[in-house]
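Only one structure is covered here, and it is reproduced in the block below.
Residue numbers (my numbering): 4 to 104.
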């Protein structure tokens, strides 16, 4: 019985794996300081491909206005409202970030 339960759990785990996961987005970007932000996590944003994004976390070493970086990121399905702006900003999860130079 334990053998069948183990196989069942393993099969369930394999089915839950998402083989259709979106590839990471790779691009150069600018770190932008949002001086109007009062919300937590909205002071430092990423500008890339003509759009503004809110990173889920940005290391302090990259928190410099107009700092050009290379990113690998996952564009999330969530959005944030930052700095009194009523337009939602798409959230991203940074997988990798480095200076662009």
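Even for Gly, the Cβ is constructed at its ideal location relative to N, Cα and C.
Rounded to whole angstroms, the separation of the alpha carbons of residue 27 and residue 93 is 15 Å.
Excluding sequence positions up to five before and after residue 76, its CB lies within less than 7 Å of the CB of 27, 28, 95, 96, 97 and 98, all in the same chain and listed in chain order. Taking a C-beta distance under 9 Å as the contact criterion, residue 36 and residue 57 do not qualify as a contact pair. Taking a C-beta distance under 9 Å as the contact criterion, residue 49 and residue 72 qualify as a contact pair. A residue is called buried when at least 16 other Cβ atoms come within 10 angstroms of its Cβ; residue 74 meets this threshold and is buried. For residue 101 and residue 89, the gap between their C-alpha atoms comes out near 31 Å. Taken in chain order, the complete beta strand (DSSP E) segments of 3 residues or longer contained in the segment 27-100 are 28-36, 47-51, 54-58 and 70-83. Rounded to whole angstroms, the separation of the alpha carbons of residue 39 and residue 104 is 29 Å. Within the same chain, and ignoring the five residues on either side of residue 70 in sequence, the residues whose Cβ sits closer than 8 Å to its Cβ are 33, 34 and 102.
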